[in-house]
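> Below is one structure. I have some questions about it.
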């Protein structure tokens, strides 16, 4: 299991607390320091069953500066979104947990987090 976190994020810290309480083994990826590549983002999106715009924090300054709310949301637009997420990882929703069974969640809610707990 791997969890992508921003250590300054309260939801990330809560998720780590829950994973520790459950006694789970996991790897922490500080995605701001170790940004995911476009290929890694594609894999995570497939596991999440989402598109890049679904995991983008549109209220971040860089998203506003780039006018991302107005970007298209079709298959043809995916590369543009993926490139932006890879270049500006602050745009990623967090925490993202990829479980060993192949499933992944954005653990922003208690329900999503519980889905990866035993």
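In the working numbering, the protein residues as written are 9 to 126.
Think of the CB as a built atom: it goes at the ideal place given N, C-alpha and C, for glycine as much as any other residue.
All of these numbers come straight from a predicted model, not from anything done at the bench.
(1) Hey, residue 98 and residue 52 are a contact pair by Cβ (cut 8 angstroms); roughly how many whole angstroms apart?
(2) Could you give the first and the last residue of the continuous alpha helix (DSSP H) run that contains residue 95?
(3) So which of 120, 36, 59, 96 has the shortest CA-CA distance to residue 45?
(4) Can you grab the Cα-Cα spacing for the pair residue 119 / residue 35, in whole Å?
(5) Would residue 63 pass as a contact of residue 24 if the rule is Cβ separation under 9 angstroms?
Straight from the coordinates:
(1) With 8 angstroms as the limit, residue 98 and residue 52 do not qualify as a contact, their Cβ atoms being about 16 angstroms apart.
(2) 86–95
(3) 96
(4) 21 angstroms
(5) no
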